[in-house]
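Peer 1: For the sequence shown, counting from 1, position 201 maps to 201 in the UniProt record's numbering; every step adds exactly one.
Heads up, the beta-carbon is just placed ideally off N, CA and C, and yes, glycines get one too.
All figures in this text were calculated on a predicted structure; none of them were measured in a lab.
Could you have a look at this structure, given as structure tokens, before my questions?
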Amino acid sequence: MDFEKYSKSGTQFYSEVIPSTLLKFVKNVKWNSYIDLGCGDGSLLYALNNKRFFDGKKVYAVDLSQLRIDNVKKINKDFICYISDTCNLKDIKDNSIDFVTTTQVIEHVEDDEAMIKEIRRILNSNGIVYLSTVFKKRYAWYFYRCNGKWTLDPTHVREYTKDSQLSDIIRNNGFKIVYNNKSLIKMPIIDFIFRKMGFKRNVFQNSFLAYLRKISIPIFGYYNWEIILKSKSELHI
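Given below as structure tokens:
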């Protein structure tokens, strides 16, 4: 895949919306180092940075696209950014990260177990992982096709259809699942329009447009699957 071409065609808009599940853990778990794997244009980093969660923290951002990493650097000059494969984080030391996020990324990688192993390697013994991905029901349908099947995104290597397809990999690599939830994916109508019209990624700083973004269409059969993982010690919130 040409990652730079894909990055140019798939603008990721900035907003201050943080997933409620992630927000709970960010607020209530002690952490000093953070990494966003497959950060894209930095939508999540932008939201967390604007809410001042990164003050005094060491923050890493990893993506395969130079263009997207350049955009992330504009959010905060102190971010430590790497162009890297999430399955081979050669620049990140063992047991060095307190909090890992990876949103809608693992379905894109060739080897999902290799990615989980790498997350386990860089995470410290009390670390937390917020992972989200696509879960597909039997009746799911969207506009794209890949390998003869309907798909939410033609660049997806896989779309999970059973919990065990991912949860078994997670548990077999030294993780405990402490939260597991699926919610119907809804697509903001305005995102599709603005992306086609070439609007800048910070367009939703306008409060009226941000309000309009709440108007969305459900994509039946496709779910946002959120999982919180930890390594060894018990977590109390």
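Using the beta-carbon count (16 or more within 10 Å), is W141 buried or exposed?
Peer 2: If you number the sequence shown from 1, residue 141 lands on position 141. Exposed: under 16 other Cβ atoms inside 10 Å.
Peer 1: Mind listing, in chain order, the continuous beta strand (DSSP E) runs of no fewer than 3 residues lying wholly within the region 59-134?
Peer 2: 80-83 and 97-103
Peer 1: Out of curiosity, what's the CA-to-CA distance linking F208 and I215?
Peer 2: Within the sequence shown, numbered from 1, the residue matching residue 208 stands at position 208. Within the sequence shown, numbered from 1, the residue matching residue 215 stands at position 215. Cα to Cα, F208 sits roughly 12 Å from I215.
Peer 1: Quick one: what's got a C-beta closer than 7 Å to D163's C-beta in the same chain, skipping five residues either side?
Peer 2: Your numbering for residue 163 matches position 163 in the sequence shown. Cβ neighbours of D163 beyond the five flanking positions: none.
Peer 1: Taking C-alpha atoms, which residue in T101, V26 and K58 lies nearest to I80?
Peer 2: For the purposes of this step, residue 80 is taken as residue 80 along the sequence shown, with counting starting at 1. Selected option, being the one with the closest Cα: K58.
Peer 1: Contact between the region 76-91 and the region 110-125 is defined here as three or more beta-carbon pairs at a separation below 8 Å; is this criterion met?
Peer 2: yes
Peer 1: Less than 8 Å separating the beta-carbons of D63 and G38?
Peer 2: Start at 1 with the first residue of the sequence shown, and residue 63 comes out as number 63. Start at 1 with the first residue of the sequence shown, and residue 38 comes out as number 38. Yes; because the gap between Cβ atoms is below 8 Å, this pair is in contact.
Peer 1: Quick one: is E159 buried, meaning 16 or more other Cβ sit within 10 Å of its Cβ, or exposed?
Peer 2: Here the question's residue 159 lines up with position 159 in the sequence shown. When all chains shown are included, E159 counts as buried.
Peer 1: For T11, which residues from the same chain have a beta carbon less than 6 Å from its beta carbon, with the 5 sequence-adjacent residues on both sides left out?
Peer 2: Residue mapping note: residue 11 aligns to position 11 of the sequence shown, counting from 1. Excluding residues within five positions, the ones whose Cβ falls inside 6 Å are R195 and R201.
Peer 1: Taking the alpha-carbon positions, what's the I177 to V100 distance?
Peer 2: Numbered from its first residue, the sequence shown carries residue 177 at position 177. Numbered from its first residue, the sequence shown carries residue 100 at position 100. About 14 Å.
Peer 1: At what residues does the beta strand (DSSP E) containing L220 begin and finish?
Peer 2: Start at 1 with the first residue of the sequence shown, and residue 220 comes out as number 220. Just to set this straight, residue 220 is Phe in the shown sequence, not Leu. Where F220 is concerned, the enclosing beta strand (DSSP E) stretches over S216 to K230.
Peer 1: State buried or exposed for N49, treating a residue as buried only when at least 16 other CB atoms are found within 10 Å of its CB.
Peer 2: Reading the sequence shown from its first residue, position 49 is the one you call residue 49. Flag for N49 reads buried.
Peer 1: Drop a sphere of 10 angstroms on the beta-carbon of L229, count the other beta-carbons inside from all chains shown, and report buried for 16 or more, exposed for fewer.
Peer 2: The residue you call residue 229 lines up with position 229 of the sequence shown. Sixteen is the threshold: when 16 or more other Cβ atoms of the shown chains lie within 10 Å of the Cβ of L229, as they do, the residue is buried.
Peer 1: Pull up the CB-CB distance for D94 and I122, whole angstroms please, since I reckon it's below 8 Å.
Peer 2: In the sequence shown, the residue the question calls residue 94 occupies position 94. In the sequence shown, the residue the question calls residue 122 occupies position 122. Right, their Cβ atoms sit about 7 Å apart.
Peer 1: Going along the chain, which residues of its own chain have a beta-carbon closer than 6 Å to the beta-carbon of P218, five neighbours each way excluded?
Peer 2: On the sequence shown, position 218 is the one that residue 218 refers to. Taken in chain order, the residues that qualify are L184 and K186.
Peer 1: Can you give the Cα-Cα distance for R138 and G174, rounded to whole angstroms?
Peer 2: Residue 138 sits at position 138 when you count from the first residue of the sequence shown. Residue 174 sits at position 174 when you count from the first residue of the sequence shown. Each residue's CA atom was taken as its position, placing R138 and G174 some 30 Å apart.
Peer 1: Can you tell me which of L166, S33 and S132 puts its alpha carbon nearest to the alpha carbon of L22?
Peer 2: In the sequence shown, counting from the first residue as 1, residue 22 sits at position 22. Closest option to L22, Cα to Cα, is S132.
Peer 1: Name the residue from H108, D98, L152 and D111 whose alpha carbon lies nearest to the alpha carbon of Y130.
Peer 2: One-based indexing of the sequence shown puts residue 130 at position 130. Checked all of H108, D98, L152 and D111; the closest Cα to Y130 is D98.
Peer 1: Under a three-way DSSP split, which group does I185 fall into?
Peer 2: Along the sequence shown, read from residue 1 onward, the residue named residue 185 stands at position 185. Residue state, collapsed to three classes: strand.
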